[in-house]
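2 protein chains.
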Amino acid sequence: MTGSGDSQAAARAIDATEVLVSRGLRVTAQRITVLDAMIAERDDTTAQALHERLRPAHPQLGMATVYRTLNALADAGVLDRLHHEGTSTCYRYCAPGHHHHLTCRSCHAVVELRDCDLATWAQHVAAAHGFSAPQHAVELSGICADCRARGVEDASAHAHTH
Amino acid sequence: MTGSGDSQAAARAIDATEVLVSRGLRVTAQRITVLDAMIAERDDTTAQALHERLRPAHPQLGMATVYRTLNALADAGVLDRLHHEGTSTCYRYCAPGHHHHLTCRSCHAVVELRDCDLATWAQHVAAAHGFSAPQHAVELSGICADCRARGVEDASAHAHTH
DNA sequence: TTTCGTGCAAATATTTTGCACAGAA
DNA sequence: TTCTGTGCAAAATATTTGCACGAAA
């Protein structure tokens, strides 16, 4: 599954080369490979997983390159870096601007939530404690409709959430 | 050592032994040492940092024990596990129950926010996308009144927040 | 041509584990 | 006594880096 299965979505998808150029990053075959994969796969992935997945079709893609590319893209703001419980650092392709994510705890499907209406709330709470310049980070998670239909169990129902 | 300045706060602090007993954890000198340190030090710490800090006064406290103790306490819900950018896993002493934190980006002062009123919001957003069993994690940050008075700069004003 | 990216393997960094012994219940 | 916790060092993971070479600008 070199990505050709997603032809419909990929057809009008963001062009990796353009993204690289627009960020002032040098365009290389490896970076296109990695970025394409991240764009096609909205869900978050670790460097290791991505490398394993890409390796068959790109035998000479080194693990170090995957790490370096993901870091470069994250530094450039193209990817999100996520630090989950348990797993190593995950990366996710991410639209620009302020927004939040709703993630399925079972299959890791991601929904981007635009129109965040929490800024006012954050402002209010912060001000109540004498804080200024509030920022807020929110991660919503749940079980998506598909997984629910499949009767998936919720492994982290007991998590201590903040 | 460095923490003795907090004597006032520490004086009427939570009793480590009681906490351990109440969670059904066996009471040992090492666990008391670690938990006491975490209670006294509200800011988050890594296992490594804690070990280094405690080692001088407790020469025979092994690093593995620090890791094991922090994990046991986190599993028991006594500590929070935090996954920051850059650093390894941090731990923080944390009141029980669902709540959020408001952290000063300058001095790392932490305010616990009780009475979280976001559950309804989360429920609503999740349902709108077909998700069930919503959980939400929120980290609020800002510049606290003290730091503001001191004219502190906001180092992370450009952060990409979600 | 100059500069930067890449693969490989070795180096680091971080966290976990096996084992024999000590200490809590 | 019995069972669990602990220290130590080695192991397992995860990520970064040095170096010579190849590719982009």
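Keeping their order, the protein sequence lines are chains H and E. Just so you know, the working numbering puts 859 at position 124 of the first sequence, and the rest follows in order with no gaps. Just so you know, the working numbering puts 797 at position 62 of the second sequence, and the rest follows in order with no gaps. All residues carry an ideal CB built from backbone N, CA and C; glycine is no exception. Just so you know, these numbers come straight off a predicted model, no measurement behind them.
request  = Assign Thr780/E to one of two classes, buried (16 or more other C-beta atoms within 10 Å of its C-beta) or exposed (fewer than that).
outcome  = Numbered from its first residue, the second sequence carries residue 780/E at position 45. So Thr780/E ends up on the buried side.
request  = Indicate whether at least one CB of chain E lies closer than 7 Å to the CB of Val813/H.
outcome  = Your numbering for residue 813/H matches position 78 in the first sequence. So, not an interface residue.
task = Return the CA-CA distance between Tyr802/E and Cys829/E, expressed in angstroms with no decimal places.
result = For the purposes of this step, residue 802/E is identified with residue 67 of the second sequence, where counting begins at 1. For the purposes of this step, residue 829/E is identified with residue 94 of the second sequence, where counting begins at 1. Those two C-alpha atoms are separated by around 17 Å.
query = Whose Cβ in chain H lies nearer than 7 Å to the Cβ of Pro794/E?
reply = Translated into the one-based positions of the second sequence, residue 794/E becomes position 59. Neighbours of Pro794/E on chain H: none; closest Cβ ~32 Å, over 7 Å.
key: Limits of the alpha helix (DSSP H) - the one that His786/E falls within   = Counted from its first residue, the second sequence places residue 786/E at position 51. Unbroken alpha helix (DSSP H) run through His786/E: Ala782 to Leu789.
task = Can you pull the chain H residues whose beta carbon is under 7 Å from the beta carbon of His898/E, in chain order?
result = Since the first residue shown for chain E is 736 and the last is 897, residue 898/E is missing from the structure and cannot be characterised.
request  = Closer than 7 Å by beta-carbon distance: list the chain H residues that pair up with Ala784/E, in chain order.
outcome  = Counting from 1 along the second sequence, the entry for residue 784/E is found at position 49. Under the 7 Å cutoff, chain H gives no residues; its nearest Cβ is about 17 Å from Ala784/E.
message = Alpha carbons only, please: which of Cys879/E, Val873/E and Met798/E is nearest the one belonging to His835/E?
response = Translated into the one-based positions of the second sequence, residue 835/E becomes position 100. Cα-wise, what sits closest to His835/E is Val873/E.
inquiry  = For the beta strand (DSSP E) containing Leu837/H, name the first residue and the last one.
reply    = What you label residue 837/H is simply residue 102 of the first sequence in a count that begins at 1. Element bounds for Leu837/H: His835 to Cys839.
query = In whole angstroms, what separates the C-alpha of Ser742/E from that of Ala784/H?
reply = In the second sequence, counting from the first residue as 1, residue 742/E sits at position 7. In the first sequence, counting from the first residue as 1, residue 784/H sits at position 49. No answer about Ser742/E holds up, because its pLDDT of 41 lies below 50 and its placement is not dependable.
ask   = Along chain H, which residues have their Cβ under 9 Å away from the Cβ of Arg690/E?
value = With chain E covering only 736 through 897, there is no way to say anything about residue 690/E.
inquiry  = So Val860/H contacts chain E; which residues on that side make the cut at Cβ distance below 8 Å?
reply    = By 1-based counting over the first sequence, the position of residue 860/H is 125. Here the neighbours are Leu837, Leu848 and Leu875.
request  = Could you spell out the range, first to last residue, of the alpha helix (DSSP H) harbouring Ala884/H?
outcome  = Residue mapping note: residue 884/H aligns to position 149 of the first sequence, counting from 1. Looking at the DSSP string, the run of the alpha helix (DSSP H) that includes Ala884/H is Ala880 to Ala884.
Distance between Gln870/H and Asp810/H (C-alpha atoms, nearest Å) = The residue labelled residue 810/H in the question sits at position 75 within the first sequence. The residue labelled residue 870/H in the question sits at position 135 within the first sequence. Near 20 Å, if we compare the C-alpha coordinates of Gln870/H and Asp810/H.
query = If you count every other CB in all the chains shown that lies within 10 Å of the CB of Ala769/E, and 16 or more means buried, which is it?
reply = Within the second sequence, residue 769/E is the residue found at index 34, counting from 1. Note that residue 769/E is Val in the sequence shown, not Ala. The residue is buried, with at least 16 neighbouring Cβ atoms inside 10 Å.
ask   = To the nearest angstrom, how far is it from the Cα of Leu755/E to the Cα of Val860/E?
value = As a first step, residue 755/E must be located in the second sequence, where it is residue number 20. As a first step, residue 860/E must be located in the second sequence, where it is residue number 125. The straight-line gap from Cα to Cα measures roughly 38 Å.
ask   = chain E partners of Cys825/H, CB-CB under 7 Å?
value = Here residue 825/H refers to the residue found at position 90 when the first sequence is read from its first residue. Correct list: empty, because the minimum Cβ distance to chain E is about 10 Å.
inquiry  = Quick test of your reading: Val845/H and His864/E, contact by CB under 8 Å. State the CB separation rounded to the nearest angstrom.
reply    = In the first sequence, residue 845/H corresponds to position 110, counting from 1. In the second sequence, residue 864/E corresponds to position 129, counting from 1. Not quite, the Cβ-Cβ distance comes to about 11 Å (not below 8 Å), so this is no contact.
message = Let me check one thing: in DSSP terms, what residues is Asp815/H bridge-paired to?
response = Here residue 815/H is taken as the residue at index 80 of the first sequence, counted from 1. Arg827/H, per the DSSP bridge assignment.
ask   = With respect to the alpha helix (DSSP H) encompassing Leu755/E, which residues constitute its N-terminal and C-terminal limits?
value = Locating residue 755/E in the second sequence gives position 20, counting from the first residue. First-last of the alpha helix (DSSP H) with Leu755/E: Ala751 to Ser757.
ask   = To which residues of the same chain is Met798/E closer than 6 Å at the C-beta, ignoring the five residues directly before and after it?
value = By 1-based counting over the second sequence, the position of residue 798/E is 63. If we look at Met798/E and ignore the five residues flanking it on each side, its Cβ neighbours are His786.
query = Taking the alpha helix (DSSP H) that Leu848/E falls in, what are its first and last residues?
reply = The residue labelled residue 848/E in the question sits at position 113 within the second sequence. Looking at the DSSP string, Leu848/E is not in any alpha helix (DSSP H); the run it does join, the beta strand (DSSP E), is Val845 to Leu848.
task = For His843/H, collect the residues of the same chain with a Cβ closer than 6 Å to its Cβ; drop the 5 residues on either side in sequence, then sort them by chain order.
result = The sequence position of residue 843/H within the first sequence is 108, counting from 1. Cβ neighbours of His843/H beyond the five flanking positions: Asp778.
Min CB distance Ile878/E to chain H below 7 Å = Translated into positions along the second sequence, residue 878/E becomes position 143. So, interface residue.
key: is_contact[Ala857/E, chain H] using C-beta, thresh 7 Å   = If you number the second sequence from 1, residue 857/E lands on position 122. Ala857/E counts as touching chain H.
request  = Please classify Glu776/H: is it buried, with 16 or more other beta-carbons within 10 angstroms of its beta-carbon, or exposed?
outcome  = Sequence index remark: in the first sequence, residue 776/H carries index 41 (1-based). Glu776/H comes out buried.
message = Once the 5 residues before and after Leu808/E are set aside, which same chain residues still bring their CB inside 7 Å of it?
response = One-based indexing of the second sequence puts residue 808/E at position 73. Correct list, in chain order: Leu770 and Leu814.
ask   = Of the choices Trp856/H, Ala868/H and Arg849/H, whose alpha-carbon is the least far from that of Cys851/E?
value = Reading the second sequence from its first residue, position 116 is the one you call residue 851/E. Minimum Cα distance to Cys851/E is reached at Trp856/H.
query = Under 7 Å, do Arg879/E and Cys825/E count as touching if we go by C-beta distance?
reply = Position 144 of the second sequence, counted from the first residue, corresponds to residue 879/E. Position 90 of the second sequence, counted from the first residue, corresponds to residue 825/E. For the sequence presented, residue 879/E should be read as Cys rather than Arg. No, the pair does not count as a contact, with Cβ atoms beyond the cut-off.
query = What residues of chain E sit near His843/H, judged by a beta carbon separation below 9 Å?
reply = Within the first sequence, residue 843/H is the residue found at index 108, counting from 1. Neighbours of His843/H on chain E: none; closest Cβ ~13 Å, over 9 Å.
inquiry  = So, for Arg790/H: in the same chain, excluding its five sequence neighbours on each side, which residues have a beta-carbon less than 7 Å away from its beta-carbon?
reply    = Working through the first sequence from its first residue, we reach residue 790/H at position 55. Same-chain partners within the cutoff: Leu796.
query = Looking at the unbroken alpha helix (DSSP H) that takes in Gln858/E, where does it start and where does it end?
reply = As a working mapping, residue 858/E is identified with position 123 in the second sequence. Segment Ala854 to Ala863, the alpha helix (DSSP H) holding Gln858/E.
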